[in-house]
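Have a look at the structure below, then the notes.
Numbering (this note's numbering), first residue to last: 237 to 498.
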């Protein structure tokens, strides 16, 4: 793993930034594919318009979440690091919240179906998250805690993980999360083979991702812990699962009600 690919003079080409950009491109590409394959090619232009808005709002939300919810104790001591996103520290959960807020405002103003667009975007979103975890691995952040044995990742000198735990092998938490994300992506693609009430695919993504994140977060070694020894990400995950389940029940009930009326 390398934090830098190469240097142009004194300017570093960082693995974190390039893989993050690749994750975004992959996510948008998969979303455009499903917009066309779902028989809604007119939404391709909508997603192309949305893409830069979601990128900017996602980065803002991801950084806000990381700084103020996940690791405020660190950033309070080093406020100059708050804007240094190139050093890592973008929360996936915060990015999703930021993108949802901006995307929700956009579709409301354009009088589009939020749930329809969210269903189309969900597979691309989880696949982008999987690619993005490779950025964390290369950067040596979002790392696990010590395994207590010979098994695990030994991060190179210069990474935050190595500075935190020294020569101890660490749980590959970010690697496993990326692998689980691929499985969720595959499941969502399989579910798209049949017709579901609008919003179901996206809400299932929310439940599956946040449940897996909750359990994998127990292996993390880079996050402070609070009530019940849970990290901020675990609390965020449980809140997201609860909201998504309520919305799932509501969407199913609403669909059955509409079928009964028709």
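Even for Gly, the Cβ is constructed at its ideal location relative to N, Cα and C. Quick caveat: nothing in here was measured; it's all calculated off a predicted structure.
Distance CB(residue i)-CB(residue j) smaller than 8 angstroms
i           : j           : result
residue 400 : residue 334 : no
residue 506 : residue 447 : A query on residue 506 cannot be resolved here, the shown segment of the chain reaching from 237 to 498 and no further.
residue 439 : residue 484 : yes
residue 330 : residue 301 : yes
residue 441 : residue 319 : no
residue 259 : residue 397 : no
residue 267 : residue 356 : yes
residue 417 : residue 366 : yes
Top-ranked residue by Cα proximity to residue i, from the options
i           : options            : result
residue 339 : 442, 329, 351      : 351
residue 454 : 347, 463, 467      : 467
residue 449 : 475, 239, 259      : 475
residue 384 : 393, 395, 407      : 407
residue 347 : 309, 279, 368      : 279
residue 299 : 250, 317, 481      : 317
residue 431 : 479, 478, 488, 414 : 488
Any chain C beta carbon closer than 8 angstroms to residue i
i           : result
residue 321 : The question asks about chain C, but that chain is absent: this structure has only one protein chain.
Bridge partner(s) assigned by DSSP for residue i
i           : result
residue 511 : Only positions 237 to 498 of the chain appear in this structure, which leaves residue 511 out of reach.
residue 456 : 380
residue 461 : 467
Inset, instruction - Could you name each continuous alpha helix (DSSP H) segment of 4 residues or more that falls completely within the region 372-414, going from the start of the chain to the end? - result: 396-401
Legend entry - Cβ pair count under 8 angstroms reaching 3, the region 385-397 against the region 288-303: no
Legend entry - Those runs of the alpha helix (DSSP H) which lie wholly inside the region 282-338 and span at least 4 residues: 308-313
Legend entry - Runs of alpha helix (DSSP H) wholly within the region 419-448 (minimum 4 residues, chain order): none
Inset, instruction - Count the CB pairs spanning the region 372-384 and the region 457-466 that are closer than 8 angstroms, and state whether there are at least three. - result: yes
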